[in-house]
Amino acid sequence: MMTDTHTNDATEWPSFAQELGRKSLETVETWVKRYNARKITARELFILVSAIYDSVSGLVPRDDLDVIGAVHEELRQASKKAKAK
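Each residue of the sequence shown is one higher than the last, beginning at 0 in numbering that gives the first Met the number 0.
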């Protein structure tokens with residue numbers, strides 16, 4: 000039986016949830032790199048991460064969602080600080 004946190008013992012293939020989590024984290028990492036290279040704005044990155052988080056919430060392993068959520072929160076806090084200046 001496959002679960003969202005373990006591979007299927009018979010095939011050792013990742014579950015759908017694991018694969019979606021991996022791809023989601025890779026996508027967030029790609030966009031963070033583009034932001035750091037100044038190819039997109041902080042607002043664009045925030046919107047992208049928000050969309051990814053909302054899209055995969057409840058579908059990916061909790062650890063993966065927690066990482067995406069932490070990035071989202073960091074961006075939200077940075078935005079609040081920038082507005083307060």
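Quick reminder that beta carbons are idealized off the backbone N, C-alpha and C, glycines included.
Would you mind stating whether residue i and residue j have Cβ atoms separated by less than 7 Å?
i   : j   : result
V27 : V70 : yes
L44 : W30 : yes
Evaluate residue i with the Cβ neighbour count: other Cβ atoms within 10 Å of its Cβ, from every protein chain shown; 16 or more gives buried, anything less gives exposed.
i   : result
D62 : exposed
Could you name the residues of the same chain whose beta carbon sits closer than 7 Å to that of residue i, not counting the 5 residues immediately before and after it, in chain order?
i   : result
A16 : D3, L58, V59 and P60
L78 : The residue you asked about is not Leu; residue 78 is Ser in the sequence shown. Same-chain partners within the cutoff: A41 and F45.
Between which residues of its own chain and residue i is the CB-CB distance below 8 Å, once the five residues before and five after are set aside?
i   : result
L24 : D63, V66 and I67
V48 : V27, W30, I67, V70, H71 and L74
A81 : A41
Assuming residue i and residue j form a contact by the criterion Cβ under 8 Å, report the distance between their Cβ atoms to the nearest whole angstrom.
i   : j   : result
A41 : Y34 : 7 Å
Who are the Cβ neighbours of residue i in its own chain at under 6 Å, not counting the five residues just before and after it?
i   : result
I39 : R33
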